[in-house]
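Engineer: Each residue of the sequence shown is one higher than the one before, starting from 2 at the first, in our numbering.
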Amino acid sequence: MKIVGADVIVTCPGRNYVTLKITTEDGVVGYGDATLNGRELSVDAYLREHVCPLLIGRDARRINDIWQYLYRGAYWRGGPVTMTAIGAVDVALWDIKGKALGVPVYELLGGQARDGVTIYGHASGADIDEALADAASFLERGYRAVRLQAKIPALDATYGIRTGPGLTYEPATGDRPVEEVWDTGAYLDFLPSLMAAAREQLGYGFHLLHDCHHRLTPIEAGRLGESLEPYRMFWIEDATPAEDQAAFRLIRQHTVTPLAVGEIFSTIWDCQVLIGERLVDYIRTSVPHAGGISHVRRIFDHADLYGVRTGSHGAGDISPIGIAAALHLDLSVPNFGIQEYMGHLDPAGEVFTTSYRYEDGLLLLGDEPGIGVQVDEAAAARYPYIPRYLPVNRLRDGSMHDW
Ligand code: KDG
Ligand code: MG
């Protein structure tokens, strides 16, 4: 089953997506998500210049060998660009294998361990009332878990907040990063009042999550976790800059609020200490950014040994292909925790047709062979790439601050 084509499709149907398309000699086509938010063209170039030519002529059935060839065979291994590129190849090959055998990928992973995948939605608002109204609308639609963010009153702008009622927030805007002012003290003082209001008005009958976006020091994270304990958070996410695994030892000393981290991790080595020392409760590595289904499955297996559950990243900058790939893994692993899901705004639906569907707080996969996402290349061509960037943060004195 020789690979005869490996092509990259870059498109911006509402936001930028990079898709790898692999074609075999017998005409089977597989797709992988190669989107790396704000660095889209670096993965496009890595694939086109350094990976696609090496795929031609290889046997598409040998996913493990191709993965090892691209990872072990590269002197400059690891990192988000390389691992996103490898992830796209891996998912496209799983897609091909499923289509060739006529089964959905989750069947190849051992079959379903659950009926559907519990997701959490993103609720936010310009103030507490607006954020709670948004959260209530998720609960009315059947969601059992909601991430809650609200604008910090003392700041002009806060990342992760939708721009108006009825809208979802878009993480990347503008052809250069917007500069926002960050104030940790104002954030730490405000957040308990948001979560207190959420529990008071919406009750305890749903999972409540919050994302700190890597902005705290370990002791600040400990203080935040402790201050939120009465509100029984499902997790606080990315409390401190994620590359410092040892920081979580200090956070753990101060709070029993569950911790999640890992959306920016690329390999199992990035979370080896975090998992092995049980320093986190949820690991957020995602299929597209951490080497595909093959590698993230290893991370999840490692996590299972230590009682750490999965909670994969699923923001809108992960394409429908990346989300679908995640769902196949979510459906099959023993230690599934939760899956983030922001959805995709139109006109993404013109380019990507998915077989997964929402029902009563869950995403359900059908029995379509492979990953279950079709790509309309003519539609993709109507939406050329547009440079878009996430904002950056400075303190009030002008210092750059962490994401
Ligand atoms: O590309 C980065 C975004 O996906 C990220 O900022 C969103 O933190 C995020 C999340 O948890 O969805
Ligand atoms: Mg996050």
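Ideal placement from N, C-alpha and C gives every residue a C-beta, glycine not left out.
(1) Which of helix, strand or coil does DSSP assign to K22?
(2) When burial is assigned at 16 or more other CB atoms within 10 Å of the CB, is R115 buried or exposed?
(3) Any chance the CB of H329 is under 7 angstroms from a heavy atom of ligand 2?
(4) So, at 8 angstroms on beta carbons, what are the nonlocal neighbours of A93 in its own chain, with the 5 sequence-adjacent residues on each side left out?
(5) Using a 10 Å radius around the Cβ and a threshold of 16 neighbouring Cβ atoms, would you call N65 buried or exposed?
(6) Under the DSSP definition of a beta bridge, which residues are partnered with A124?
(7) Pick from G223, V376, V297: whose alpha carbon is nearest that of S267?
(8) Pull up the DSSP beta-bridge partners for M401, would you.
(9) Here's a check: name, in chain order, each residue in its chain whose Cβ is nearer than 7 angstroms to the Cβ of R78, leaving out the five neighbours to either side.
(10) So what does DSSP say about F301, is it helix, strand or coil?
(11) Measuring only from the beta carbon, is H290 closer than 7 angstroms to any heavy atom that is part of ligand 2?
(12) So what's T83 in DSSP terms, helix, strand or just coil?
(13) Drop a sphere of 10 angstroms on the beta-carbon of P231, count the other beta-carbons inside from all chains shown, and report buried for 16 or more, exposed for fewer.
(14) Would R310 and H211 qualify as a contact pair, given that the criterion is a beta-carbon distance under 8 angstroms?
(15) DSSP beta-bridge partners for D34?
(16) Assuming the contact rule is C-beta atoms closer than 8 angstroms, A137 and L195 should be a hit. Round their C-beta distance to whole Å, please.
(17) Can you tell me the Cα-Cα spacing of P388 and R177, whole angstroms?
(18) Under 8 angstroms, with one C-beta from each stretch per pair, do the segment 284-295 and the segment 324-331 reach the 3-pair mark?
(19) At the level of alpha carbons, what is the spacing between P259 and G58?
Structural biologist: For this structure:
(1) strand
(2) exposed
(3) no
(4) L21, K22, I23, G31, Y32, G33
(5) exposed
(6) L149
(7) V297
(8) R395
(9) Y72
(10) helix
(11) no
(12) helix
(13) exposed
(14) no
(15) T20
(16) Contact flag wrong, Cβ pair sits at about 14 angstroms.
(17) 8 angstroms
(18) yes
(19) 47 angstroms
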